[in-house]
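**Student:** Take a look at the following structure, please.
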Amino acid sequence: MFNKNDALLDRKSAAKYLNLSPGTLAVWDCTKRYNLNPIKIGRAVRYRKSDLDKFIEQRLWSSNNTSTDRSQ
Numbered sequence: 000m001f002n003k004n005d006a007l008l009d010r011k012s013a014a015k016y017l018n019l020s021p022g023t024l025a026v027w028d029c030t031k032r033y034n035l036n037p038i039k040i041g042r043a044v045r046y047r048k049s050d051l052d053k054f055i056e057q058r059l060w061s062s063n064n065t066s067t068d069r070s071q
């Protein structure tokens, strides 16, 4: 659900926030590589900051993560 206080970032700002190029985000949107839930308003594309934060959180790796068994 959309939170009215949630910031919307354009592609350039979202790319900067994620330390990526805007072209990378465009490719990800086109190929559906990652679902960042882009919002399309006419020709403009916006991303919710909370969706970008969720994307980052899902990709954090913790050294305390013991669920991965590498002994196989």
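Residue numbers (numbering that gives the first Met the number 0): 0 to 71. No residue lacks a Cβ here, since even glycine has one placed at the ideal position from N, Cα and C.
1. Tell me, which residues are paired with residue 46 by DSSP?
2. At the level of alpha carbons, what is the spacing between residue 43 and residue 60?
3. Which one of 29, 57 and 51 has the shortest CA to CA distance from residue 9?
4. Spatial neighbours of residue 17 within its chain, please: CB distance less than 7 Å, with the 5 preceding and 5 following residues excluded, ordered by chain position.
5. Measuring straight from C-alpha to C-alpha, what distance separates residue 39 and residue 45?
**Tutor:** According to the data block:
1. 8
2. 33 Å
3. 51
4. 51
5. 6 Å
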